[in-house]
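Residue numbers (my numbering): 452 to 847. We put the beta carbon where it would ideally sit given N, CA and C, even for glycine. Right, one structure below, let's go through it.
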């Protein structure tokens with residue numbers, strides 16, 4: 452078997468793709484008010500800018516195992532990254548049709564990336580799953596945080612929303628080139644790290660018979676709701692408390708940035724010997740952070756801090772539940788089902804929150820919706836934290 456030393460670009464390329472895989476999503480909310488004004492979007496239509504990618508995440512995730520079976524994980528990830536670059540460019544064109552077409556296109560690309568990246572970890576780093584999952588989520592959140600924090604200053608310095616969104620195609624293109632080098636090395640040394648023989652698409656029927664797979668999908672969807680609803684509307688919620696647009700944009704970056712320590716600790720919480728107690732404390736703290744959004748400026752900013760840590764830990768915990776399969780060939784199918792089902796569940800969140808605000812004229816009801824989802828997430832997480840004698844899955 453070839454050693455990972457033969458794959459010098461594998462880890463740098465993986466890190467590069469992980470850094471950029473959320474840029475197109477998190478760079479949008481700070482510019483959403485400007486885009487809505489110029490394109491004359493209602494709050495409900497503005498909410499679709501986050502909902503459409505989530506629908507793509509859900510639907511196209513089910514197709515990804517077929518792509519992996521045909522092309523392998525590395526080439527599938529390369530094509531998905533290229534599609535995401537194209538979507539970012541098209542979305543930046545200043546018309547309503549191209550804005551939504553680009554949003555759908557990048558959503559399809561990221562959908563495949565979501566499924567394939569955990570499979571790369573499980574197949575190429577089989578003895579380092581928690582460590583590599585932490586690296587993946589830390590990189591993903593770091594890149595997402597940078598995009599969220601930088602968008603508002605770019606707008607304030609005179610760039611149009613179109614150019615501001617187009618800029619993010621540059622780091623995506625760099626990641627595409629780096630992963631292209633990694634994919635070429637894998638073609639020469641296909642057994643580097645681990646043998647990569649994709650499971651046929653029929654593997655999906657095998658994993659859906661496990662109750663744990665359904666609980667994993669539920670947790671994935673609920674934590675996604677807890678992430679994407681605040682991601683879309685947090686600047687607007689803070690502005691309703693009197694926070695300036697610039698500060699609201701910075702706080703969105705803080706919300707994303709504080710996910711970094713959360714994402715580092717998340718896999719360790721999920722695999723802790725007393726995981727149920729550890730996760731119970733985490734979920735309780737997150738719920739209190741959501742409640743804090745109902746207060747004034749000071750309590751809302753405190754809530755952003757707590758929720759920021761929580762969203763990073765939440766996605767890391769979900770991905771750890773997905774990646775820790777005894778058979779690495781199960782990971783694409785489990786990942787596709789959990790992420791596909793989960794993202795379809797979460798897709799209703801941002802647009803529903805926008806519609807509730809439009810109907811009530813207040814952010815109180817949308818925040819209460821986030822709280823209800825957080826409590827449901829806690830239930831599914833605690834179920835998964837208990838050891839379960841399910842073949843092919845590590846106990847949570």
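Less than 8 Å between C-beta atoms, sequence neighbours within five positions excluded: which residues of the same chain meet that for residue i?
i           : result
residue 484 : 686, 687, 696
residue 564 : 468, 472, 528, 531, 532, 535
residue 809 : 493, 494, 495
To which residues of the same chain is residue i closer than 6 Å at the C-beta, ignoring the five residues directly before and after it?
i           : result
residue 506 : 798
residue 605 : 615
residue 470 : 590, 594
residue 699 : 686, 689, 690
residue 545 : 613
residue 637 : 525
residue 465 : none
residue 543 : 613, 616, 617
residue 676 : 797, 800, 824
residue 421 : Coverage of the chain is limited to positions 452 through 847, which leaves residue 421 absent and any answer about it impossible.
residue 683 : 480, 501, 801
Cβ atoms of residue j and residue i: under 8 Å apart, would you say?
i           : j           : result
residue 790 : residue 678 : no
residue 479 : residue 539 : no
residue 849 : residue 504 : In this structure the chain extends from 452 to 847, so residue 849 is not present and cannot be described.
residue 481 : residue 599 : yes
residue 672 : residue 796 : yes
residue 709 : residue 756 : yes
residue 449 : residue 766 : What the structure shows of the chain is the stretch from 452 to 847, and residue 449 is not part of that stretch, so it cannot be assessed.
residue 732 : residue 754 : no
residue 512 : residue 794 : yes
residue 502 : residue 801 : yes
residue 612 : residue 486 : yes
residue 730 : residue 818 : no
residue 490 : residue 547 : yes
residue 781 : residue 659 : no
residue 822 : residue 807 : no
residue 664 : residue 785 : yes
residue 656 : residue 788 : no
Spatial neighbours of residue i within its chain, please: C-beta separation below 7 Å, excluding the five flanking residues on both sides.
i           : result
residue 691 : 814
residue 467 : 625, 626, 629, 630
residue 714 : 585, 588, 589, 592, 763, 764, 766, 767
residue 556 : 534, 537, 538, 541
residue 737 : 757, 758, 761, 825
residue 674 : 765, 766, 769, 828
residue 848 : Outside the shown range of the chain (452 to 847) lies residue 848, about which nothing can therefore be said.
residue 834 : 666
State the CB to CB distance for the pair residue i and residue j, rounded to an integer number of angstroms; the pair is presumed to be in contact (CB under 8 Å).
i           : j           : result
residue 689 : residue 702 : 6 Å
residue 760 : residue 712 : 6 Å
residue 558 : residue 804 : With a Cβ gap of about 19 Å, residue 558 and residue 804 do not count as contacting.
residue 836 : residue 666 : Not confirmed; about 10 Å, so no contact.
residue 596 : residue 704 : 5 Å
Any Cβ of chain B within less than 8 Å of the Cβ of residue i?
i           : result
residue 751 : Annotation note: the requested chain B is absent from the structure, which comprises a single protein chain.
Legend entry - Touch test, the segment 458 to 477 against the segment 507 to 524, Cβ-Cβ under 8 Å, three pairs minimum: no
Inset, instruction - Taking 8 Å as the threshold, find out whether the segment 457 to 467 comes into contact with the segment 623 to 633 through three or more Cβ pairs. - result: yes
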